[in-house]
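Protein chains in written order, with this note's numbering: chain A, 28 to 656; chain B, 16 to 518; chain C, -13 to 88. Quick reminder that beta carbons are idealized off the backbone N, C-alpha and C, glycines included. Below is one structure, written out as structure tokens; the observations come after it.
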Amino acid sequence: MIHDLWLVPAFPLLGAAILMISAGRLPSRAVALVGVVPVAVSAIVSAIIGIGFMAAPPSGHAFTEILWRWIAIGGFRPAVGLYLDPLSLVMMLVVTIVGFLILLYSTEFMAGDEGYSRFFAYMNLFVSAMLVLLLASNLLFLYVGWEGVGLCSYLLIGFWYQDAANGLAARKAFIVTRIGDTGLMIGLFVLFTHLGTLDIQPLLHRAASVWPHGSAIASLATALLLIGALGKSAQIPLQTWLPDAMAGPTPVSALIHAATMVTAGVYLIARMHGLYMLAPAIQMTVAAIGAATLFVAAFAALNQHDIKRILAYSTVSQIGYMFLALGVGAWTAAIFHFMAHAFFKALLFLAAGAITMRLEHHEHDIFRMGGLAKKLPVAFWSFLIGSASLAALPLVTAGFYSKEMILSETWAHGGAVPILWAAGLVTAFVTALYIFRAVFIVFFGEAKTPIVGRYGIRIVLPLAVLSVLAVIGGFVETPNGLGGVTIFSRFMGSVFGPAPLAAGATETALLVFASLVSLSGVGLAWLLYMRPAPRFAAWTQTPSVVAWRAFFLSGWGFDVVYDRLVVRPFLYVVRINRHDAIDDVYTGIAEASRGLHRLLKLTQTGRIRWYAGWLAAGSILTIAVAVIR
Amino acid sequence: MMLVWLILIPLLGGLLAWPAARLRAAAARWVSLIAMALDLLVLLLVWLRHAGPIEITGGGRWIAMFDAPWIPQLGISLRLGLDGLSLLLILLTIGLGFVSVVISWTEIGERVGAFHFNLLWTIAGTIGVFLALDLFLFFFAWEIMLVPMYFLIALWGHENRIYAAIKFFLFTQGSGLLMLLAILALVFVHQRTTGTLTFDYFRLLGTRMSPSTEMWIMLGFFIAFIVKLPAVPFHTWLPDAHTEAPTAGSVILAGIMLKTGAYGLLRFVVPLFPLAAIRFAPIAMLLGVIGIIYGALLAFGQNDLKRLVAYSSVSHLGFVLLGVFAWNALALQGAVMQMLAHGVSTGALFIMVGALQERLHTRDMRLMGGLWANMPKLSAIGMFFAIASLGLPGLGNFIGEFLILIGTFRVYPAFAVVGTLGVIAAAAYALILVQRAFHGPPRDAVAAPDLRARHLAVMAALTVAIVYLGVYPQPVFDMASGGLANLQTATHGVLKLAEGDPR
Amino acid sequence: MTTIPLDHVLILPVLLFALGVIGVLVRRNLVFILMSIEIMLNAAGLMFIIAGARWGQPDGQVMFLLVLTLAAAEVSVGLALIIRIRHRLTTLDSDAADLLQG
């Protein structure tokens, strides 16, 4: 079965192709079928492959399949090949299963949209490209998936193309990520030029043997790859596109901008972790960027009004945790958090979609919601479970185990970096605060917007399944104090090496401490938003607080800075040179010859006496010259 | 002899199409189609029937060769040769020739016979350029290619056609004159050292001359070809010519004729003057990089859809210039791939613009927007090729750009890095095209029928081609490697002297 | 018989020629321009005769006959043109005939 790995990306691609070629002529039932079934089949095939892989791992815990020779020029021989190891297996399972659930949800959520068929075509294309990204055995082929998901992200953010603002958000997403992709591409040049291959596994082996620890070239290559990862995973300084990307339909936000594509950067660094271990400085940078991002984005999330923007900043922040984990060498923890995050953030987005689709005018502003707990119990419970998992409420949520693993390993990474650990801890508090702020404002208090419609099974089922996953997904890896399950880290061991042993007593202490932090965040949210004290309300209106809130609302002003520093100069240059200054040179030459022509034309008067006069003058001059010489 | 037929068939087809149009307009179109089909058949026959490669001392291996005296007193002969490089380009020429005839079916209604005559003659000239291995013959074919194109623009173009046609003519004739002078200089220098007067490519290879002479003659060729390519700062004829030409003219111009400039650089400039070319490479590559960025910036600023596409060509051909002067296997293969992919994708974009103009009677994007609602097929295809043009992996343009850049990175990393930044600008102009033409709120004024079967078939073929180049390009590389090896054989001995050169 | 110095003899045709030139340049009437041209031709003819006399050669007179015939032909063509111009432009002003102005 493992040899049928190529079927996993092939089915969604086939689905996309059918939907594109049919050009919207299929009835919507058929579209739904063609849209969902390929991904379902992919999920089943992945599951079978996954079970087979775990039951009888291939030699070396990895499986490579070359599909065809793509390019072979001299020593440059990238192949179209797939590579399956525990890392890509976990990612593949998450992508296909979550993808299937979200597509199922979409068949109802998007019902009646005029671009129904287009939507599923793009979504299938996305799943296929994402799988290519994960399974590629070669960095160039990985790059195909990398840009492919970027394209689908662009297409789906701008899905409702009639609104120009969506188009702007889509272009912003594509171009900002492409800035990162350029870094990745140059990184590929460096890697190939110095190591002579782009096949990931041979490349890692060669790098380890050729490049000394901490060598400059390794730092350069990893830094360039990091730029790519930053763009795709919306980390500082390339994070600005993700909140705007919420212009797309909610299932898109759930699948692409929460669960899968935005974690591609995490995957890339985890996949190339061998290189990063050679460049400790850059690895430290990864951790620092992750810590900065998770902190910055959490404060931004705390001040948003739009429910989807809260979740978007939350995504940026959570991916920051993954980067922090990568940066401190907690590879397994990063992937573990990726998995948990995929479950609970997809759940949160789908629940948010379930809320907005039932509100009149598809209201997105949390302050116009309120009192929805009774009216929309399905959405309430799923959103609550998702929030609990995001806030890392102890013991019963997946988010707790994964975040705890990151924090404890950040602590264990050494005393030199308590600041990173502190950032993670503070942010854990803020995370609980901002998500329960949303919970309390949206679901409690008085109702402000009327409710319409009802849910079908295709909405409820994905929410239910994801709720379960958001709870039990964490039980594959628990700390020593809580059972010490190590299924996940043992499984990942063949990729990342043995998991570090955590110090017993300290670990338990940290665990308790972190749990208290999360709970106190929830508590504070309850105090502030359920029982708002008048003094708190007054404090939020003081000028300096208002200014800070506006600053956080705008995402710390990054957009303004980029607008001034990059966008406007670019547009200015384009505008002043719209008519091509170089052409003016040629126009100048043409004009100069015209001017000469005009001057010469003056002599052609048409008057015979003038000609005769010139003739006489010329003759006299000639004779004079002849005589005098 | 088959090679002569490759050129003769379009010439005869053109002569036949003109009077045929007096019977019925469709007759001229069918004659042209049949001529293209026959030409393709001949090309395939040559390709399949060649028993074994023909060895030319110092010139590599060739698929087919033809040689007959023409003006023996002056050492001018009819020498034609086909290697992998010219085969690929001729294949592209014939393919786009087909496309041009088909898309002109409804667009051209006046002077149909003369139009097809000019179309076929310019195609014949181009094939001649790709085959000629005698410098005089090359120049001759070069002129045959240009003059009918002048008429195509001047007679069947849009509003400002006379201006554009004259500009095109002045630029190309000026550069042609420079090339003629350079050819004569090379021939006389060769005569002075060896005593024989010849225009033969293989005999002129490896002509000994002083470095400064070599540099000057090389510059003559170089400028002649980069005007045609076009590279900054000689590119300004291109947007005007493209914008004003009829659709078929734009397709031929962008798809094929620009490649003659690149082909000239590959076939003549570097092999004939390897040392000068290598010394000059940094400047040439700098021009290429400037072209990439400058073209992209200008493309972003245009309101006229056709001008946008035209400036994007400047950007794409900048990559080719970069690749040619990097002169290693990766970059050269990339340049060839970029030429083919650019021919297909830009050709398709011009067809898309032509179809829009036929329907909306404007190319101004300020008057478009929301076309997707009315013309989903045209818009989807337009978007596909816009995305191909921004270099999406999995499509041909990406392969070309990536290979060029990775090849360049080995010799001049800085140029590769700056060139890579051009890819960002490419995303900007391609996406603004999509936004301004197809997305946004629909306008009532633009209600017009979607693409019809004939255009859809053409676009489907081009789509298949660009996907094929992207996912399974190896046959193209295998084919081109023979031709590129020929070029590298020619420079091999000389470049060996420049030890330490990482190529 | 005293011989007149050659220099003195030459002054006459030179003066005549200069008169002709000035006439062409100054007069606007086409008939006068034609007459001035005649004067210039005759000045040239006189020069030939003087030269023939000076060296005792018949060539000078032969050339004069040639100039004479030429002048006759020129006058006939010139008058015909003048009549046509008069016909078209209803004036004999040479400056009116400036259709070739650039």
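### Query
What residue ranges within the region 475 to 539 of chain A form continuous alpha helix (DSSP H) runs of no fewer than 4 residues, ordered along the chain?
Fully enclosed alpha helix (DSSP H) runs of 4 or longer: 484 to 499 and 514 to 523.
### Query
Between B:THR251, B:LEU193 and B:GLY221, which lies nearest to GLY235 (chain B) when the distance is taken from Cα to Cα?
Indexing the second sequence from 1 puts residue 235 (chain B) at position 220. For the set B:THR251, B:LEU193 and B:GLY221, the Cα lying nearest the Cα of GLY235 (chain B) is the one of B:LEU193.
### Query
the region 159 to 192 of chain A: which residues have C-beta closer than 7 Å to a C-beta of chain B, in chain order?
Within the region 159 to 192 of chain A, the residues whose Cβ lies closer than 7 Å to some Cβ of chain B are TYR170, VAL171, GLU174, GLY175, LEU178, GLY185, TYR188, GLN189 and ALA191, listed in chain order.
### Task
Would you mind sorting ASN343 (chain B) into buried or exposed? The rule is 16 or more other CB atoms within 10 Å of its CB.
Along the second sequence, one-based indexing puts residue 343 (chain B) at 328. Burial state of ASN343 (chain B) is buried, judged by a 10 Å Cβ sphere holding 16 or more other Cβ atoms.
### Query
Which residues share a DSSP beta bridge with ALA476 (chain B)?
Position 461 of the second sequence, counting from 1, holds the residue named residue 476 (chain B). DSSP, once it has assigned bridges, lists no residue as partnering ALA476 (chain B).
#### Entry: Spatial distance of PHE3 (chain C) from GLY189 (chain B) (CA atoms)
Taking the first residue of the third sequence as position 1, residue 3 (chain C) is located at position 17. Taking the first residue of the second sequence as position 1, residue 189 (chain B) is located at position 174. Cα to Cα, the separation comes out at about 49 Å.
### Task
Would you mind stating whether PHE183 (chain B) and ALA256 (chain B) have Cβ atoms separated by less than 8 Å?
The residue given as residue 183 (chain B) occupies position 168 in the second sequence. The residue given as residue 256 (chain B) occupies position 241 in the second sequence. When the beta-carbon positions are compared, PHE183 (chain B) and ALA256 (chain B) come within less than 8 Å of each other.
### Message
Going residue by residue through the region 300 to 370 of chain A, where are the continuous alpha helix (DSSP H) segments of at least 4 residues, counting only ones entirely within it?
### Response
If only uninterrupted alpha helix (DSSP H) runs of at least 4 residues are considered, those enclosed by the region 300 to 370 of chain A are 300 to 305, 307 to 329 and 334 to 354.
### Message
Taking 8 Å as the cut-off, does the region 368 to 388 of chain B touch the region 427 to 446 of chain B (at least 3 CB pairs, one atom from each stretch)?
### Response
Here the region 427 to 446 of chain B does not lie against the region 368 to 388 of chain B, with fewer than 3 beta-carbon pairs under 8 Å apart.
### Task
Please report how far the alpha carbon of GLY99 (chain B) lies from the alpha carbon of LEU281 (chain B), in whole angstroms.
What you label residue 99 (chain B) is simply residue 84 of the second sequence in a count that begins at 1. What you label residue 281 (chain B) is simply residue 266 of the second sequence in a count that begins at 1. Approximately 13 Å, taken between the alpha carbons.
### Task
Taking 8 Å as the threshold, find out whether the region 146 to 158 of chain A comes into contact with the region 395 to 410 of chain A through three or more Cβ pairs.
The answer is no - the region 395 to 410 of chain A does not touch the region 146 to 158 of chain A, with fewer than three Cβ pairs under 8 Å.
### Query
Excluding the five sequence neighbours on either side, which residues of its own chain have a C-beta within less than 7 Å of the C-beta of PRO517 (chain B), listed in chain order?
For this step, residue 517 (chain B) is matched to residue 502 along the second sequence. Below a pLDDT of 50, predicted positions are generally treated as unreliable, and PRO517 (chain B), at 48, falls in that range; the measurement from the model is reported next regardless. Hits under 7 Å: ARG425 and VAL426.
### Task
Reducing DSSP to helix, strand and coil, say where MET80 (chain B) ends up.
On the second sequence, residue 80 (chain B) is found 65 positions in, with the first residue counted as 1. MET80 (chain B) carries a strand assignment under DSSP once its states are collapsed to helix, strand and coil.
#### Entry: Cβ neighbours of GLY480 (chain A) in the same chain (closer than 6 Å, five flanking residues each side left out)
For the purposes of this step, residue 480 (chain A) is taken as residue 453 along the first sequence, with counting starting at 1. Cβ neighbours of GLY480 (chain A) beyond the five flanking positions: ARG385.
### Task
Answer with yes or no whether the minimum CB distance from ARG591 (chain A) to chain C is below 8 Å.
On the first sequence, position 564 is the one that residue 591 (chain A) refers to. Taking Cβ atoms only, chain C never reaches closer than 8 Å to ARG591 (chain A), which makes this a no.
### Query
Looking at the unbroken beta strand (DSSP E) that takes in THR649 (chain A), where does it start and where does it end?
Along the first sequence, read from residue 1 onward, the residue named residue 649 (chain A) stands at position 622. Residue range 635 to 655 is occupied by the alpha helix (DSSP H) that includes THR649 (chain A), with no beta strand (DSSP E) assigned at that position.
### Task
Look at the alpha carbon of VAL58 (chain A) and the alpha carbon of PRO307 (chain A), and state the distance between them as a whole number of angstroms.
Along the first sequence, read from residue 1 onward, the residue named residue 58 (chain A) stands at position 31. Along the first sequence, read from residue 1 onward, the residue named residue 307 (chain A) stands at position 280. When rounded, the distance between both Cα atoms is 50 Å.
#### Entry: Amino acids of chain A, ordered along the chain, whose beta-carbon sits closer than 7 Å to that of VAL7 (chain C)
Here residue 7 (chain C) corresponds to residue number 21 of the third sequence, with the count starting at 1. Under the 7 Å cutoff, chain A gives ALA643.
### Task
Scan the region 101 to 122 of chain A for residues whose Cβ lies nearer than 8 Å to a Cβ of chain B and list them as they occur along the chain.
Flagged, chain order: GLY101, PHE103 and VAL107.
### Message
With a threshold of 6 Å on Cβ separation, who are the neighbours of ALA474 (chain A) within its own chain once the five nearest residues in sequence on each side are excluded?
### Response
Position 447 of the first sequence, counting from 1, holds the residue named residue 474 (chain A). GLY397 and GLY398.
### Where PRO39 (chain A) sits in the DSSP three-state scheme
Working through the first sequence from its first residue, we reach residue 39 (chain A) at position 12. If DSSP states are grouped into helix, strand and coil, PRO39 (chain A) belongs with the helices.
#### Entry: Proximal chain C residues relative to ILE617 (chain A), where beta-carbon distance stays under 7 Å
In the first sequence, residue 617 (chain A) corresponds to position 590, counting from 1. Looking at the sequence shown, residue 617 (chain A) is not Ile but Ala. For ALA617 (chain A), no chain C residue has a Cβ inside 7 Å of its Cβ, as the nearest lies near 19 Å away.
### Message
Between which residues of its own chain and PHE518 (chain A) is the CB-CB distance below 7 Å, once the five residues before and five after are set aside?
### Response
If you number the first sequence from 1, residue 518 (chain A) lands on position 491. The beta carbon of PHE518 (chain A) is closer than 7 Å to those of PRO113 in its chain, skipping five residues each way along the sequence.
### Under the three-state DSSP convention, the category TRP583 (chain A) falls into
The sequence position of residue 583 (chain A) within the first sequence is 556, counting from 1. It is coil, neither helix nor strand.
### Task
Measure how close the beta-carbons of ALA37 (chain C) and GLY6 (chain C) come, nearest whole angstrom, since I'm counting them as under 8 Å.
Within the third sequence, numbered from 1, the residue matching residue 37 (chain C) stands at position 51. Within the third sequence, numbered from 1, the residue matching residue 6 (chain C) stands at position 20. So it is not a contact: roughly 19 Å between Cβ atoms.
### Query
Under a three-way DSSP split, which group does SER657 (chain A) fall into?
This structure cannot speak to residue 657 (chain A), because chain A is shown only from 28 to 656.
### Task
Show which residues of chain B have a CB atom less than 8 Å away from the CB atom of ARG96 (chain A).
As a working mapping, residue 96 (chain A) is identified with position 69 in the first sequence. ARG96 (chain A) reaches chain B at GLN489, counting residues in chain order whose Cβ is nearer than 8 Å.
### Task
Using a Cβ-Cβ cut-off of 8 Å, state whether GLY194 (chain A) counts as contacting chain B.
As a position in the first sequence, residue 194 (chain A) is number 167, starting the count at 1. Yes, contact with chain B.
#### Entry: Which of helix, strand or coil DSSP assigns to ALA246 (chain B)
Translated into the one-based positions of the second sequence, residue 246 (chain B) becomes position 231. Assignment of ALA246 (chain B) by DSSP, reduced to helix, strand and coil, places it in the coil class.
### Task
Pull up the distance between the alpha-carbon of GLN262 (chain A) and that of LEU58 (chain B), whole angstroms please.
Residue numbering aside, residue 262 (chain A) sits at position 235 when the first sequence is read from its first letter. Residue numbering aside, residue 58 (chain B) sits at position 43 when the second sequence is read from its first letter. Taking the straight line from one Cα to the other gives about 54 Å.
### Task
Report yes or no: is there a C-beta of chain A within less than 8 Å of the C-beta of GLY515 (chain B)?
Taking the first residue of the second sequence as position 1, residue 515 (chain B) is located at position 500. Caution is warranted here: a pLDDT of 46 is assigned to GLY515 (chain B), below 50, making its placement in the model unreliable, and the coordinate value is therefore given only provisionally. Taking 8 Å as the threshold, the shortest C-beta distance from GLY515 (chain B) to chain A does not fall below it.
### Query
Which word fits ASP(-7) (chain C), buried or exposed, when buried means at least 16 other C-beta atoms lie within 10 angstroms of its C-beta?
Residue -7 (chain C) sits at position 7 when you count from the first residue of the third sequence. Classification for ASP(-7) (chain C): exposed.
### Task
Output yes if chain B places a C-beta closer than 8 Å to the C-beta of MET157 (chain A); else output no.
Here the question's residue 157 (chain A) lines up with position 130 in the first sequence. No, because no Cβ of chain B sits closer than 8 Å to the Cβ of MET157 (chain A).
### Query
Does DSSP put VAL10 (chain C) in a helix, in a strand, or in coil?
Walking along the third sequence from the start, residue 10 (chain C) turns up at place 24. Correct three-state label for VAL10 (chain C): helix.
### Task
With a threshold of 7 Å, establish whether the CB of ALA360 (chain A) neighbours any heavy atom of the ligand HEM.
Of the ligands one can find in the structure shown there are none, so the ligand HEM has no counterpart to examine.
### Residue burial classification, ASP31 (chain A) (beta-carbon count within 10 angstroms, cutoff 16)
Start at 1 with the first residue of the first sequence, and residue 31 (chain A) comes out as number 4. Counting of Cβ neighbours within 10 angstroms places ASP31 (chain A) among the exposed residues, the total staying below 16.
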